[in-house]
Amino acid sequence: MSKVNDANNLSNLRHSLAHLLAAAVVDLWPDTRRAIGPAIDDGFYFDFEFSEPISEKDLPKIEKKMRQILPTWDEFSRIELSATEAKNEHKNNPYKLELIEQFSDGGRKKVTVYQSGKYRDLCRGGHVASAKEIDPQSFKLHRVAGAYWRGSEKNPMLTRIYGLAFETKKDLEDYLALLAEAEKRDHKKLGPKLELFMFHPTAPGMPYWLPKGVTVYNTLIKFWREEHRARGYQEIVSPLLNKKNLFVTSGHFEHFWQDMFTLKVEGEEYGLKAMNCPNAMIVFGSKSRSYRDLPLRFSDTDTLHRNELSGTLNGLFRVRSFRQDDAHIFVTEEQIGQEYERIFEIVDKFYSIFGLEYSFRLGTRPEKFLGDEKTWDLAETTLQKILKAGKHKFVIGEKEGAFYGPKVDILMKDALNREWQMGTIQLDFQQPKRFKLEYIDQKGKKQTAVVIHRVIYGSLERFIAILIEHFAGALPLWLSPVQVAVLPISDKFNDYAKEVVSELRNTNYELRIELDERNESIGKKIREAELQKIPYILVVGEKEQSSRTISVRQHGESKQTQLPLPELVKELLEKIQKKN
RNA sequence: GCCGACCUAGCUCAACGGCAGAGCAACGGUAUCGUAAACCGUAGGUUGUGGGUUCAAGUCCCACGGUCGGCUCCA
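The C-terminal position of the first sequence is numbered 1076 in this note's numbering, with every residue numbered one higher than the one before it.
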């Protein structure tokens, strides 16, 4: 059987279970209104409007009812109804009425309902041939959540019940084990444990970076600076507070002001920096620019604050204060394609170093946008052409563009397989017009510049979160906050250990070393160094002191090798150089 | 913000509505040790905050805060 069919089978199974869930819910709470219930990645869900609130405590009861109903079901029979007949069946259900109206094309076409046992529901199909195929132990209800009808916050919030479902009981158990495993990689747990960062209730969503975390943070920025300086980027630093009128000019006032931290000083309204672009525009416009200056690449990593809704905060994935590895590139229209290629090359370099998997998404014109549709269409086709010419695979994210222009997003997955937007490369014809950003062309005429907004990491915060989960906290040597731990076997060898440390420091390279001089057993020191995920553990005692060597143990390996210090130093420096 | 869950010592967790406890970490001491936890002792708490019910609240109820899983939004 082909993979596609397997996937369809699983999806049919999940969709069938969604019907079963609805049947159980209606049986237990007859006046519940049903909305929709599709199959998803790891199971299914169904949205309901309950007359009384339910909670996760009710799930076992519903699950039990599902298992009671299941044996009474066999095939899912398809029945065609006219729109009027279907509407009659769902008189008191505004959600179904809306769907019938839509599916019947305003009453012109018939709709289908599917019946299994005593339960029937409006549905376009996609079920198992017989409910007898369903293993009653292969599914599990696991969560209750609110979800807006048709995904719009203007609509009422329904109650969504999520279920996990697989072909067999074993597949379900394996998946649950996978979730438990993912929990161990969770950066929200590992970060504070490894003393990288922490949060405090006085600053929700705003991380405190601890010394070790700052090392990782700065190492990433250092690498970023080197790579960008070499490619002609020039770094700027700009104010964190600007008067409201800056954001009125940029268009952010209209689209973003309610998400910004704002304050009033001497009767004047200020906004705390939530994005870098307006100030980059100001710097570009601060003197007259020639076509010879383009592409002009300004980079910056100033701290940004966004007053995100409390319910959206999520560890380092979604924070209220963060830094982007930002740059604004001012180009002529002809230079757009070439500059995008240069950016894709950077993306490739950065992401391949970490061995991270990513995908591209082209975000098109959103509902709220600046400028005219013609310019937007031009920008969107330009991006499509560039992506296709560079043979970059991408999906289209309808209406996912920035309000000032379409964008190419880099997406990555966390330990729980949730997708996050990381880097983004945005094409902007609007802000240059609003800021009147011009350059003088070959003929001495004024032309409006085009701006490319781009980040590679995305935000340092989110990127570090992904790294922690990707490496389960054991960061590659070049990024590790502590690269080498030196552990004397007893305090008789502290002096030799200090000698080793000072020789390592003498390598003319900034090795990050920790000496553990505590009066603890060597077993305990090793255990703690392993838990801190330090890549290199050096043990020194009688043997090493007399032979002027060290014993090396690498993180996660119990194997040890005894060798002279210079050999180790060579290995370390090579690895760091290669960013292994 | 909305729906749901959770919050006990620095960490991981216990405690039927009836005297707030253990292990690890910290601190003091003993042991000077060979690759993932030596031993003995000391200290550590307004049970997230504020109300309420009760003879009695960590436990029940309400509000607020924070966190997590979703929805919407977003780097």
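All C-beta atoms, glycine included, are put in the ideal place defined by N, C-alpha and C.
Are F865 and F899 closer than 8 angstroms when you measure CB to CB?
To locate residue 865, count along the first sequence from 1; it is residue 369. To locate residue 899, count along the first sequence from 1; it is residue 403. Yes. Within cutoff.
Residue ranges of each beta strand (DSSP E) run of no fewer than 3 residues wholly in the stretch 549-608, ordered along the chain?
573-577
Report, in whole angstroms, the separation of the C-beta atoms of G533 and H515, which I expect to be a contact under 8 angstroms.
Within the first sequence, the letter at position 37 stands for residue 533. Within the first sequence, the letter at position 19 stands for residue 515. Their Cβ separation, rounded to whole angstroms, is 7 angstroms, which keeps G533 and H515 in contact under 8 angstroms.
Range of the contiguous beta strand (DSSP E) that encloses W916:
Position 420 of the first sequence, counted from the start, is the residue given in the question as residue 916. Here the beta strand (DSSP E) through W916 covers E915 to D924.
State the beta-bridge partners of W656 as determined by DSSP.
Position 160 of the first sequence, counted from the first residue, corresponds to residue 656. Going by the sequence as given, residue 656 is Arg instead of Trp. R656 pairs with D543 and A641.
Excluding the 5 residues flanking F1061 on each side, which residues of the same chain have their C-beta closer than 8 angstroms to its C-beta?
The residue labelled residue 1061 in the question sits at position 565 within the first sequence. A quick correction: the sequence has Leu, not Phe, at residue 1061. Contacts found: V996, E999, L1000, R1044, T1045 and I1046.
Are the Cβ atoms of A823 and R930 separated by less than 8 angstroms?
In the first sequence, residue 823 corresponds to position 327, counting from 1. In the first sequence, residue 930 corresponds to position 434, counting from 1. Taking 8 angstroms as the Cβ cut-off, A823 and R930 do not qualify as a contacting pair.
CA-to-CA distance, S626 to Y610, given in whole angstroms
Here residue 610 corresponds to residue number 114 of the first sequence, with the count starting at 1. Here residue 626 corresponds to residue number 130 of the first sequence, with the count starting at 1. Rounded to whole angstroms, Y610 to S626 spans 13 angstroms at the Cα level.
For G893 and L858, which I take to be in contact (beta-carbon distance under 8 angstroms), what is that distance rounded to the nearest angstrom?
Start at 1 with the first residue of the first sequence, and residue 893 comes out as number 397. Start at 1 with the first residue of the first sequence, and residue 858 comes out as number 362. Yes, G893 and L858 are in contact; Cβ-Cβ is about 7 angstroms, under 8 angstroms.
Work out the CA separation of L973 and I955 for me, nearest whole Å.
Within the first sequence, the letter at position 459 stands for residue 955. Within the first sequence, the letter at position 477 stands for residue 973. According to the sequence provided, residue 955 is Ser. The question's Ile does not apply to it. Roughly 22 angstroms between the two C-alpha positions.
Starting from P496, follow the alpha helix (DSSP H) in both directions and report where the run begins and ends.
Absent from the model: residue 496. The displayed extent of the chain is 497 to 1076, so no value can be given.
Between T920, A519 and P590, which has its C-alpha nearest Y854's C-alpha?
Working through the first sequence from its first residue, we reach residue 854 at position 358. Looking at the Cα atoms, T920 is the closest of the given residues.
Compute the beta-carbon to beta-carbon distance between F826 and P791, rounded to the nearest angstrom, for a pair I have assumed lies under 8 angstroms.
Start at 1 with the first residue of the first sequence, and residue 826 comes out as number 330. Start at 1 with the first residue of the first sequence, and residue 791 comes out as number 295. Indeed, because the Cβ distance is near 7 angstroms, the residues count as touching under 8 angstroms.
Using a Cβ-Cβ cutoff of less than 8 angstroms, which residues in the same chain neighbour E663 once the five nearest sequence positions on both sides are dropped?
Here residue 663 is taken as the residue at index 167 of the first sequence, counted from 1. Same-chain partners within the cutoff: N505, L506, L509, D631 and S634.
Taking 8 angstroms as the cut-off, does the stretch 646-665 touch the stretch 575-586 (at least 3 CB pairs, one atom from each stretch)?
no
Runs of 4 residues minimum, wholly inside the stretch 774-860: which ones carry the alpha helix (DSSP H) assignment?
832-850
Neighbour-count burial assignment, E1070, 16 or more Cβ in a 10 Å radius:
Counting from one through the first sequence, the residue named residue 1070 turns up at place 574. E1070 comes out exposed.
I need the straight-line Cα distance from I596 to I948, nearest angstrom please.
Position 100 of the first sequence, counting from 1, holds the residue named residue 596. Position 452 of the first sequence, counting from 1, holds the residue named residue 948. Near 44 angstroms, if we compare the C-alpha coordinates of I948 and I596.
Measuring straight from C-alpha to C-alpha, what distance separates G621 and H751?
As a working mapping, residue 621 is identified with position 125 in the first sequence. As a working mapping, residue 751 is identified with position 255 in the first sequence. Using only the alpha carbons, I get a separation of about 41 angstroms.
Since M756 contacts Q927 with CB under 8 angstroms, what's their CB separation in whole angstroms?
In the first sequence, counting from the first residue as 1, residue 756 sits at position 260. In the first sequence, counting from the first residue as 1, residue 927 sits at position 431. Actually they do not touch by this definition, with Cβ atoms about 17 angstroms apart.
Which residues in the same chain have their Cβ closer than 7 angstroms to the Cβ of H638, if we skip the five residues on either side of it in sequence?
On the first sequence, residue 638 is found 142 positions in, with the first residue counted as 1. Only Y658, G659 and L660 meet the Cβ criterion.
Pick from A770, G1019 and H511 that is closest to V624, judged by C-alpha positions:
As a position in the first sequence, residue 624 is number 128, starting the count at 1. Closest option to V624, Cα to Cα, is H511.
Whole-angstrom distance between G1052 and L674, CA atom to CA atom:
Taking the first sequence and counting its residues from 1, the one referred to as residue 674 is at position 178. Taking the first sequence and counting its residues from 1, the one referred to as residue 1052 is at position 556. Using only the alpha carbons, I get a separation of about 21 angstroms.
Cα-Cα separation between R563 and L513, rounded to whole angstroms
The sequence position of residue 563 within the first sequence is 67, counting from 1. The sequence position of residue 513 within the first sequence is 17, counting from 1. So the two alpha carbons sit approximately 10 angstroms from each other.
I believe G613 touches W569 by the beta-carbon criterion, under 8 angstroms. Please report the beta-carbon distance rounded to the nearest angstrom.
Locating residue 613 in the first sequence gives position 117, where the first residue counts as 1. Locating residue 569 in the first sequence gives position 73, where the first residue counts as 1. Indeed they touch by this definition, with Cβ atoms about 4 angstroms apart.
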